[in-house]
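This note's numbering applies: residue 5 is where the sequence shown begins, and numbers increase by one. Just so you know, even glycine gets a beta-carbon here, dropped at the ideal spot from N, CA and C. Below is one structure, written out as C-alpha cells; comments come after it.
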Amino acid sequence: MRRIHVGNALSAFGLGFTVPYLYVYVAQVRGLGAMTAGLVLAVFAVAALIVLPFAGRAIVRQGPLPVLLTALVTAAVGSLSLGLAGHASTVLLSAAALGAGQAVMQPALATMIVDCSTSETRSRAFATQFFLQNLGLGVGGLIGGHLVDTTSAASFTLLFAIEAAMFLLLVVVMTTLRLPHAPRIVGAPAQSARGSWKQLLGNRAMLQLCVLGFVLFFACYGQFESGLSAYGVEAAGISTSALGTALAANTAMIVVAQFAVLRFVERRKRSRVIALVGLIWAVAWLTAGYAGLGHGSQEMATAAFVSTYALFGLGEAMLSPTVAPLVADLAPEGMAGQYNSAFALVKQLALAVGPAVGGPLGASLHAPYIVTFLLFSLGITYLALRLGKQLTPVQNQPSLRKSRVVAQGGAQSASIAA
C-alpha cells in the first residue's frame, strides 16, 4: 500500500508540472494557435473515453499491475514526445498517448488499493490517495511555475521530460510490488468480459451511483477551470491572481481537512455523507452568487469567491473516502477493475460535458448559471438519499461490519464459557 501511495504521489507530481501550462505551451510557445490548443485539451478527453471501456476488461483479465505498467510507459512516451513536438499533428498524437495513459492509471491504481485493503481500511486508503494526489499536483505545479519560461521552448521540454521521468520512476517502483491477489477471471476471457458488462448494467445500485457520480463531477470538477472561473472573472471581476488564490484555497482545504474529515465520515452512512456534500456545495454556489450578483465591495466579492472554492474542497475531502470505496464494495469478487473503469468513464464524460455547458453559461448568463448549479447540488442530495435505499447496511456503513464481528465473537465466547 505504501508503494501504491508513492505511485499516486509521483504521477500527480509529474502531471502538476505540465497540466496548468499545456494551453500556453501549445498556443503560444509552439505558435500553433488557440484552435490547436483547444483540440489538444479535447483529445485528452476523447482518448480517455476510448480506452477506459477496454481498460476494465484488461484489468479483469490480466490484473491491475500489467495494465498500470503499460499505461505508465504509454504516458511517458506521450509526455516526452509532446515536449519535443513542433507540429500540430505530432502534438495531437502525443496528447492522445498521454491522455490515454493517464486515464488508465486511475482505475488500475484504484483496483490495486482495493486489493491491498479491507472494507474497514479502504476509506482511509482512498482518503490518503486523494490527499497525496492533491499535494503532488500542488507541489508539481508550484515547482513547474518557477521552471517555466514562456519565451523558451526548452524550458517546457524540460517540464515534459520531468513528467516522463516521474512515470518511468513509477514503473520501477511498481515492478517491486507484489499484490496480495490479482482480480483474474479464469476461463474464456471474452465471454467473461461480456458477462461482466451485463452484470454491471444489471446492478441497480451501481447504475444509480454512476448517475450520482456524473452529477457530482459535472457540478463541481467540471466547473473549476471553465464555468466557475469564467463567472468569477466576468461577473465578480475577480483578477487572475485572485483566481489562483481561490484554486490554492481549494487545495489547501483538502490537504488540511482530509484526515480530520475522515474521522467524521468513517462512522456515518455513506449516502448521508454524499447528501451532506450536496448541501455544502449548494452553500458554495450561493456564496458564488453573492460574489458575482451581490452589491458588496470588490474585496468582499473576492473573499466570497475564494470561500466558494474552499467549500468545494471541503466537499471533495468528504467524497474521497466515500465514493471510491463504495464502488469497490458494490463490485463482485474479481470485478473491481471493471467497476472502477466504468466509474472513471462516467467521470470523464462529466468532465467533458461540464466545461462545454458551464463555460458559456458562466461567461454570459450569470444568474441562470448560479441557479442551474445550485439545483444540481440539491439534486446530489436527493440522488444520494435515494441511493441509500439500494445499499445494504454494510455497504452504506462499513463500520457496522466491525461491530457485528465483535458482537458475534462476544456471543460465541460467552456460549463457549457457559
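Asked, Found
"If we ignore side chains and look at the alpha-carbon of each, how far apart do Ala59 and Val71 end up?", "8 Å"
"Exposed or buried, which one is Ser196 when buried takes at least 16 other CB atoms within 10 Å?", "Interpretation of Ser196 is limited by its pLDDT of 47, a score under 50 that renders its predicted location unreliable; the figure taken from the coordinates is listed afterwards. Burial call: buried."
"Using a Cβ-Cβ cut-off of 7 Å (strictly less than) and excluding sequence neighbours within five positions of Ala43, which residues of its own chain qualify?", "Before going on, a small fix: residue 43 reads as Leu here, not Ala. Hits under 7 Å: Leu96."
"Can you give me the start and stop residues for the alpha helix (DSSP H) that Leu3 sits inside?", "The structure shown does not extend to residue 3, since the chain spans only 5 to 422, so no value can be given for it."
"Note down the Cα distance separating Thr155 from Ala292, rounded to an integer number of angstroms.", "36 Å"
"Looking only at its chain, what residues have a beta carbon closer than 7 Å to the beta carbon of Phe48, apart from the 5 residues adjacent to it on each side?", "Ala99 and Gly103"
"Alpha carbon to alpha carbon, how far is Gly363 from Asn344? Give it in angstroms, no decimals.", "28 Å"
"When you compare only the Cα positions, how much space is there between His370 and Ala239?", "7 Å"
"Checking 8 Å against the spacing of the C-beta atoms, do Ala52 and Gln342 come in under that value?", "no"
"Mapping the DSSP letters down to three states, classify Gly241 as helix, strand or coil.", "coil"
"Considering only the beta carbon of each residue, do Leu173 and Ile8 sit closer than 8 Å?", "no"
"Excluding the 5 residues flanking Ala194 on each side, which residues of the same chain have their C-beta closer than 7 Å to its C-beta?", "Low per-residue confidence applies at Ala194: pLDDT is 41, beneath 50, and the placement is therefore not dependable, though the value from the model is reported in the following sentence. Counting only Cβ-Cβ distances below 7 Å, and skipping sequence neighbours, we find nothing."
"Which residues bound the alpha helix (DSSP H) around Gln212?", "Arg208 to Ala223"
"Taking one C-beta from the stretch 269-279 and one from the stretch 386-405 each time, how about it: are there three or more such pairs within less than 8 Å?", "yes"
"Output needed for Cys120: all residues of its chain with C-beta closer than 8 Å, excluding positions within five of it in sequence on either side, in chain order.", "Met5, Ile8, Ala129, Leu183 and Pro184"
"Output the distance between the C-alpha atoms of Ala157 and Val33, rounded to the nearest integer angstrom.", "6 Å"
"Take Ala16 as the anchor and find which of Phe164, Met170, Phe380 and Val331 has the nearest alpha-carbon.", "Met170"
"Going along the chain, which residues of its own chain have a beta-carbon closer than 6 Å to the beta-carbon of Ala246, five neighbours each way excluded?", "Thr306"
"Assuming Phe347 and Cys214 make a contact with CB atoms under 8 Å, what is their CB distance in whole Å?", "6 Å"
"For Gly425 and Gln227, what's the separation of their Cα atoms in angstroms?", "In the structure displayed, the chain extends from 5 to 422; residue 425 sits before or after that span and is not available."
"By alpha-carbon positions, which one of Ile63, Gly148 and Val143 ends up nearest to Gln110?", "Ile63"
"Applying the criterion that 16 or more other CB atoms from any shown protein chain within 10 Å of the CB defines a buried residue, is Thr396 buried or exposed?", "exposed"
"Taking Met304 as part of the alpha helix (DSSP H), name the residues at either end of that continuous run.", "Gln302 to Leu323"
"If we count the other Cβ atoms within 10 Å of its Cβ and call it buried at 16 or more, is Gly105 buried or exposed?", "buried"
"Ordered along the chain, which non-local residues of its own chain (more than five positions away) have a Cβ less than 8 Å from that of Asn12?", "Leu113, Gln133, Leu136, Gln137 and Gly140"
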